[in-house]
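Protein chains in written order, with the working numbering: chain F, 6 to 454; chain A, 3 to 487.
C-beta: ideal position from N, C-alpha, C; glycine also.
Take a look at the structure set out below.
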């Protein structure tokens, strides 16, 4: 079936496809509506329950020339560019559950449709966790978190989720099921192709199973909240923590507007910038670290510092994690973007955000050099013009921009900026080698891949 | 190699940096593995542009090539099995930039691993990956092999400490994978490049992360009568929520041999010894050390000794790092196996390793990264005894089979190269290998860049792959692997 015919699918054709794939697709618009991608309702939705079902489905759809979008919980569906049309959605949420978990090995294997929350519950029972704090944590699936390369400030101590993926079982567009990596904490046998699938946004294949490295939950956690009069001072404190060899779990900074979303902080005081530092360790160790961090903040010019106990920093972090990816902002109004720079450039990028973003709220992971801008598109006079200015300044300084989420009309117009040094031609070859039929969401990845 | 090609190679790098003299070539036929094969020419480029020009020339003449660092690799990755050109990275050995504020350094691939940490020590920083060969091995080789080390349990391996690489692709393009900043947009090509054993291109600049040296470090030596007790201790430490910076194990044959070699203070009569290092703020490190001591004692350690000062700590680590060298006292030759198992399977697999040694009549010493479950059985053999090497290779293959059957991997840090390519089928099926081949074809479609490494040939795992003469794979092997491999 040529690609364009799929757009006029009728019920008998869908049933024939379903018969060949071994599972019945959803086909009625009212059934498919809840699987929409940025408002575009798919014509068919397949919900495989096993990797083998997924394989047959993908093989069938590839043979028919369909384009397939893999969808987890749909939490990142508003990441630009929005699709022009959606043929088939492969719903990944039915392939879920923990396959194997050995706490003493610090490894867990799950179906990729397992939600972050579901996994966290299983791990918490053994005083362990998947050391990531991605946005949309209450709904997101592990596969979606990895495909979208979601991460949070916990990357400071634990790396990003990419660093904690040990192996994967994936299904390619020809239906072949391949395992890559291993199920142990260390392996260099063959190419580490799992890393390619992290951040590929489902454009290389379907992630079926994932083996993750997990970490012990610190016995105790503490928070340090420090207010500063400038982003420069706040970043200075972060640099001083490194100089003193203090290793907190995570550090975030927020302008006055974004600080207000962190309910655990209440009214923290008089700073234009707030630094929140999450410290973990043994019962004594977390407190010692928090005290040392607090001292460094004061020495770096903090106007005030506040210590948060275990429960309060965790409550605070539930908002902080959501803030970074833009999850806390209204999807129909806000443009959320992330700008990667050197840690020393964070103040300059924050200033740029406040200059060009108009009413933008700005937060950052200063240790990693990531600044988040949250712009109310409905209150910005010339947002497209401002984004051009931001892109030009970013390009001149070697910073990279990722649009995380955009309101619908804007999302259809935005393309992810391609840094001039980006090896797009090599990425195209990788896409062509792994998905030669262009089955998986063609055209929406970086550079139109 | 015909003169015309050599003249053109020499024109790119300068005549002083190119050779086809047999005496010179013979220095490049080995790495740290048992295999060897002569290249047809060796060139030492002085810039990325020269590397790109050499790669373009090799493409023009359909000539295989590979990059070589210090040649310390243990799996044959730098052996020019198909002949062709070896690009020695020895001239690309500068630390180009140190940025303490952003905790990164830009280095050339020929920089020796330990020299990075030495160069930033005064800033309170270090480059964490510390393979035992760190005094010699180069960062380019570390990137190719995704090297680990003694302290990667807590801090990760090379891929966790590299932000970006300037790479000459097998098509001769110069590109950046990643860079100085995090989260480069698009596919994580850097992630697959690291550990690709030189088959996806040649790194010409590397941006490494620098990590502050911890305030306090405590090193404990726990002595056991029974190796199983030591194994259980490893699992209990991790299960207890403690991730030490390093957690190493040595069995009796290892400690006795090392002690005779470097006098590190290891007991020679113990069934096993654990080295546990914990780091952090002074209070936290002390607390962790106390907790580790308790776990060791509860698991039957007859003695738990803590290094009293930096000198004693260094002596302990010198002992551990000298393990491979010390094996020379045990036998004429030794073979380092490298496999990974889930750490909870340590007692079971160590027992299997002992049985395998007995079955083949070979002495096997175990000195390894216990915290990662990364085994390094050292198999002693006599190269002059006919059949001894072949038995050793077969025993090593049985050890790898045991690792895979336990749910592990055939390599934790030494790579696949020539040595283990025929064992890849133990761990991976046809579809898995086909996926790897697809990726390779995207980067290296003509297969000229470090050919025939990593992918299985028609030999079986455990058949000796030693190549005694320069030249190409046998015709049947070549036919079976095809150009993409």
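| query | result |
| --- | --- |
| Delimiting residues of the alpha helix (DSSP H) encompassing residue 315 of chain F | 315–330 |
| Contact between the segment 249–268 of chain F and the segment 280–287 of chain F (3+ Cβ pairs under 8 Å) | yes |
| Any C-beta of chain F under 8 Å from that of residue 67 of chain A | no |
| CA-to-CA distance, residue 375 of chain A to residue 112 of chain F, given in whole angstroms | 12 Å |
| Contacts around residue 446 of chain A, its chain only, beta-carbon distance under 7 Å, and the 5 residues preceding and following it disregarded | 172, 201, 202 |
| Neighbour-count burial assignment, residue 307 of chain F, 16 or more Cβ in a 10 Å radius | buried |
| Own chain, CB closer than 8 Å to residue 462 of chain A, minus 5 neighbours either side, in chain order | 424 |
| Best match in A/7, A/412, A/35 for proximity to residue 335 of chain A [C-alpha to C-alpha] | A/35 |
| Helix, strand or coil at residue 174 of chain F according to DSSP, with G and I counted as helix | strand |
| Assumed close pair residue 237 of chain A, residue 346 of chain A - CB separation to whole angstroms, cut-off 8 Å | 5 Å |
| Interface flag, residue 20 of chain A vs chain F, CB-CB below 8 Å | no |
| Contact the segment 188–197 of chain A vs the segment 272–283 of chain A: 3+ CB pairs below 8 Å | no |
| Cβ-based neighbour list, residue 453 of chain A, same chain, cut-off 6 Å, excluding 5 preceding and 5 following | 66, 84 |
| Test item: CB-CB of residue 410 of chain A and residue 358 of chain A under 8 Å | no |
| Residue environment, residue 38 of chain F, which counts as buried when at least 16 other CB atoms sit within 10 Å | exposed |
| Chain A contact for residue 81 of chain F (CB, 8 Å cutoff) | no |
| Cross-chain neighbours of residue 182 of chain A in chain F, by beta carbon under 8 Å | 347, 403 |
| Minimum Cβ-Cβ distance from residue 485 of chain A to chain F less than 8 Å | Here residue 485 of chain A scores only 40 on pLDDT, less than 50, and its place in the model should not be relied on; the value that follows carries that caveat. No, its Cβ sits nowhere closer than 8 Å to a Cβ of chain F. |
| Chain A contact for residue 184 of chain F (CB, 8 Å cutoff) | yes |
| Residue 129 of chain A in three-state terms, based on DSSP | coil |
| DSSP three-state assignment for residue 29 of chain F, whether helix, strand or coil | coil |
| Where residue 434 of chain A falls, given that 16 or more other Cβ within 10 Å makes a residue buried | buried |
| Residue 178 of chain F versus F/200, F/131, F/444, residue with shortest Cα-Cα distance | F/444 |
| Segment limits, alpha helix (DSSP H) that includes residue 414 of chain F | 413–418 |
| Within 8 Å of chain A by C-beta, residues of the segment 356–380 of chain F in sequence order | 373, 374, 375 |
| Close-in-space but distant-in-sequence residues of the same chain around residue 359 of chain F (CB under 8 Å, 5 per side omitted) | 260, 365, 367 |
| Opening and closing residue of the alpha helix (DSSP H) in which residue 434 of chain A lies | 432–445 |
| Test item: CB-CB of residue 465 of chain F and residue 369 of chain F under 8 Å | Residue 465 of chain F lies beyond the residue range present for chain F, which begins at 6 and ends at 454; the question has no answer from this structure. |
| Cβ pair residue 340 of chain F, residue 422 of chain F closer than 8 Å | no |
| Residues of the segment 269–282 of chain A whose Cβ lies closer than 8 Å to any Cβ of chain F, in chain order | 282 |
| Backbone CA spacing between residue 119 of chain A and residue 97 of chain A [nearest angstrom] | 11 Å |
| Local Cβ density within 10 Å of residue 304 of chain F, reported as buried at 16 or more and exposed below that | exposed |
| Element boundaries [alpha helix (DSSP H), containing residue 195 of chain A] | 191–195 |
| Close-in-space but distant-in-sequence residues of the same chain around residue 454 of chain F (CB under 7 Å, 5 per side omitted) | 208, 432, 433, 436 |
| Per-residue DSSP class, three states only, for residue 8 of chain A | helix |
| Continuous alpha helix (DSSP H) stretch holding residue 357 of chain F: start and end | 351–361 |
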